[in-house]
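Numbering (mature numbering (1 follows the signal peptide of the UniProt record, and there is no 0)), first residue to last: -20 to -1, 1 to 519. Heads up, the beta-carbon is just placed ideally off N, CA and C, and yes, glycines get one too. Report on one structure; see the data block that follows.
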Amino acid sequence: MLIDFSAPVYLFLLSTGMFSITPQTSHNSQGVPNSGSKLLVTRRSWKNSSTWAKFPLKTAAVIQQPSPRPEFTPLAAWASDETDSGSAPKVVGSVPGDVDILPGRVYSVSTTEEIELDEDTRQSLEEFRRLYGFRQYQLIFVFFSFITYIFDVVSDAYLAYRYHKQGDYYWSKLTLALVVGPSLVITGFSLMWYVLDRKAHVDPPRGCLCWTFRLTFHALQMAPLVRLSDAVYYGMCSKRPGISLDAAVWFIKLMLYEDADCAMLRMIECFMESAPQLLLQLYIIITQGTAQSTLQIIVQSVSCLTSWLSLAWSLTHYQKALRSSRAEKARMRWLSSSLFFLWKAAMLSSRLLSLALLAAIVRGFWFGLALGCHWIVAAGWVLARGTTFCSPSRNTLTEYLFDLVLGAVYCFDVVNIREGHSRIWYSTCYTVFGLENFMIAALWHIFSSNGPVTKTWLMKAPTFSTWVNDIPSWVLPLVVICSFIIGIFVMISYYLFAHPSGRIRVCIPCDELMKNEDPKSKTPESLSLDPKELDLGSA
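Here it is in C-alpha cells:
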C-alpha cells in the first residue's frame, strides 16, 4: 500500500487540540485518546506525546506537486520530523540520484506520474475534501475580518491624533499605547510561530517574494491579515482546475492550520487591544464631558462599534477554526455562527460597560488591582492546565508567555479549554461574571443617584458627561443587566437549537456530569485506525 498521501490525511484525522488535559491512560489500544482536548490543532503540536501517540513513518512519502518544480524540495508539511530507520524508504516519482531519502520525512518532487490511490484511500480523501474544502462564501467572513480589523486600528489611531491635537495628551498617549503595544506582541508571536514551524519542519518552503510580503506586512503590524491571506491562498489553490486529489487535500490541510493560527492571533489581539481600547473610550465618553467636535463623536462611536464587533467576531472565528481543525467536531453553519456571535456580543457589551462604570467611580489603583487579580487567577488556571500552542512541550518559556497573554482573555469573556460538558465551565464562569456585573451596576446606581460622590480612599469624585447627568441613574445599570440576560438566553438557544453537534440535552445524569465526559466529543470509532493498516508501524 502506498504511503503517498494516506498517512498525512490520517495524521490529520487523528490530530488533537493544543490544550492537553487528557491523561496517558485514556488512550485506546491504537494510541488514540478517547476524548480530545478543547482547543485548536496546530502544526507545532503534532509531536506532543501527551495528546496523541506518535505515528512514525517507516517509509518516506513523496507527494506530487500541483505544478512541476525544477528542483527537489524536502517538505515536511504533513509528517512530524520523527524518523525510523527500520525499513527502506518508498518513493513515488523520480528523485535525483544524489539526494538521500530519509525515512520519516515527506518529500516533494517534480513528477508527471499519476499517483495511484486505492479505493479506500481515495474515498477518505474525497470525504475530507467535501467536509473541509474551501467554499466561496467563506470570502464573506474574510472580508468582514479585514474590514473590522482595518477600521478598528484606523479609528483608534485617529482618536489618538484628535486627543493630541486638542491637548488631551494623556488620553492620546494611552490610546496610542493600546494600539502599538498589543500589536507588537501579536507580531512577535506570529514571527515566533513561523520560526517554530520551520524548526519543526511543518511549514512548506516559500520563495523570497512570499517572505518579503510576510515580513513587510508584519512590519506594518498586520500579522493576523497575513495569516488570513495565506489561508485564503491555500484554499483557492485547492480549487485550481485540474488539481489532483492529493494536492487539493494538501492545500486544504495548510489552509486549516493557517486559519487556526489566524484565529488565535486575532482573538488575543482583540482582547489585548480592542477590549482595553473599548473600555478606555467608554470611560472617556462617560466622564469627559461633551466632545469638542461632531467628528470626534463619530470617530469615538466608530471605534467603540468596531472594537465591539471585532471582539465578538474574533471569538466566533476562533470557534469556527476550532471545529474545522478537529476531526471529531462538526462544522459551524450559518445559524450556529450567527447565534454564537450574538451570544458573545451581548456578553461582551455587558462586561465592558460594567467595567467602564466601575472605572468611572472608583480610584484607578483599586480598579487596576481588581482587574489584575482577575487576570492572575485566570492566567494561573491556564498555566495549570498547560498549553502546547507554541511548541510540543508545555514546559517552555514561549508557552508560559503565551499562557499569560491568554489569561487576559478571561478578564472580559470566557473561552472553554476543558474537554467534557461545557455547561459546568460556563455555569461557573458566568456565575462569577454575573455577580461581578450586578454588583458593579448596583454600586453605580447607588453612588450616581445620590448626587455628588464624596471622595474617599475607595471612591473618587468624578465629573460625568452631560448626557450621563441627563439620563436616570438606572439606565446604564439596566443595560448591563439586560445585556447579560440576553447573552444567557442566546447561549441557551445556541445549545438547544443550533449547536453543530445537534440539540444538547438540558438534563443529564449526575454520574455522567461528574465524570465530565461528553459523548459527542469522543473520537469516532472510524478514526481509531490500526497504524499497521497504514504501514506506519506501531505507535
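Where residue i sits in the DSSP three-state scheme
i: Met235; result: helix
i: Pro221; result: coil
i: Ala310; result: coil
i: Cys376; result: Here residue 376 turns out to be Thr, not Cys, going by the sequence shown. It is coil, neither helix nor strand.
i: Phe382; result: helix
i: residue 567; result: The requested residue 567 does not occur in the structure, where the chain is confined to residues -20 to 519.
i: Pro46; result: Bear in mind that a pLDDT of 39 at Pro46, under 50, signals an unreliable position, so the number given afterwards is only what the model happens to contain. Here Pro46 sits in coil by DSSP.
i: Thr368; result: coil
i: Gly187; result: coil
i: Ile248; result: helix
i: Phe392; result: coil
i: Gly215; result: helix
i: Gly482; result: coil
i: Arg115; result: coil
i: Gln201; result: coil
i: Ser305; result: coil
Among the options, nearest to residue i - alpha-carbon criterion
i: Ser294; options: Tyr141, Met327, Phe251; result: Phe251
i: residue 520; options: Leu438, Thr376, Ile472, Leu333; result: Residue 520 cannot be examined here, being either before or after the span of the chain that is shown, -20 to 519.
i: Leu158; options: Gly168, Val175, Asp132; result: Asp132
i: Thr367; options: Leu384, Gly352, Val134; result: Leu384
i: residue 525; options: Leu351, Asp183, Arg313, Ser429; result: The structure shown does not extend to residue 525, since the chain is modelled only from -20 to 519, so the question has no answer here.
i: Leu265; options: Ile232, Gln280, Ser373, Leu275; result: It should be pointed out that residue 265 corresponds to Ile in this sequence rather than to Leu. The residue with the shortest Cα to Cα distance from Ile265 is Gln280.
i: Ala359; options: Ser104, Val389, Trp346; result: Val389
i: Leu258; options: Ser373, Ser334, Trp355, Leu111; result: Ser334
i: Arg207; options: Ser170, Leu328, Leu302; result: Ser170
i: Pro204; options: Trp454, Thr128, Gly467; result: Thr128
i: Gln116; options: Leu164, Cys217, Ala140; result: Cys217
i: Gln261; options: Ile277, Arg306, Met247; result: Ile277
i: Met244; options: Leu289, Gly187, Ser283, Ser305; result: Ser305
i: Asp136; options: Cys391, Trp288, Ile356; result: Trp288
i: Thr378; options: Ala310, Ile120, Gly168; result: Gly168
i: Lys324; options: Ser163, His144, Ala140, Phe469; result: Phe469
i: Leu236; options: Asp183, Leu285, Cys188, Trp454; result: Asp183
i: Lys233; options: Ala310, Gln118, Phe114; result: Phe114
i: Lys309; options: Leu111, Leu200, Leu322; result: Leu111
i: Ile296; options: Leu319, Ser209, Leu139, Ile130; result: The sequence shown places Thr at residue 296, not Ile. Nearest of Leu319, Ser209, Leu139, Ile130 to Thr296, Cα basis: Leu319.
i: Ala326; options: Glu238, Thr155, Leu156, Gly467; result: Gly467
i: Thr155; options: Arg178, Trp361, Tyr263, Ala227; result: Tyr263
i: Ile130; options: Thr286, Trp173, Gly482, Glu238; result: Thr286
i: Phe347; options: Met439, Trp361, Tyr143; result: Met439
i: Asn449; options: Cys242, Thr267, Ser152, Thr274; result: Thr267
i: Trp437; options: Leu351, Gln118, Phe345; result: Phe345
First and last residue of the uninterrupted alpha helix (DSSP H) at residue i
i: Ser273; result: Where Ser273 is concerned, there is no enclosing alpha helix (DSSP H), given that its DSSP letter is neither H nor E.
i: His144; result: 118 to 145
i: residue 532; result: Given a span of -20 to 519 for the chain in the structure shown, any question on residue 532 remains unanswerable.
i: Met471; result: 455 to 473
i: Val182; result: That residue, Val182, is in no alpha helix (DSSP H); it is neither H nor E in DSSP.
i: Ala422; result: 402 to 428
i: Ala478; result: Premise fails: Ala478 is in no alpha helix (DSSP H) and is neither H nor E.
i: Arg109; result: 99 to 112
i: Val448; result: 446 to 450
i: Leu258; result: 255 to 267
Own chain residues within Cβ distance below 7 Å of residue i, not counting five before or after
i: Trp424; result: Leu337, Ile341, Leu456, Pro457
i: Gly414; result: Phe464
i: Val212; result: Val122
i: Ile461; result: Phe418, Ala421
i: Leu322; result: Val470
i: Arg374; result: Gly366, Thr367, Thr368
i: Val459; result: Leu333
Those residues which DSSP pairs with residue i across a bridge
i: Met439; result: Val342
Proximal residues to residue i (C-beta, below 6 Å), its chain only, five neighbours per side dropped
i: Ser316; result: Ala478, Pro480
i: Leu363; result: Asp383
i: Met247; result: Ser294, Tyr298
i: Ser330; result: Asn417, Val460, Ser463, Phe464
i: Ser290; result: Thr128, Asp132, Cys250, Ser254
i: Tyr138; result: Val279
Close-in-space but distant-in-sequence residues of the same chain around residue i (CB under 8 Å, 5 per side omitted)
i: residue 545; result: Only positions -20 to 519 of the chain appear in this structure, which leaves residue 545 out of reach.
i: Trp355; result: Gly387, Ala388, Tyr390, Cys391
i: Gly269; result: Thr443, Ser445, Thr446
Distance cut-off 7 Å: residue i Cβ against heavy atoms of the ligand ZN
i: Gly168; result: Ligands displayed in this structure: none; no statement on the ligand ZN is therefore possible.
Cutoff 8 Å: residue i Cβ touching any chain D Cβ
i: Ala199; result: No chain D appears in this structure, which consists of one protein chain only.
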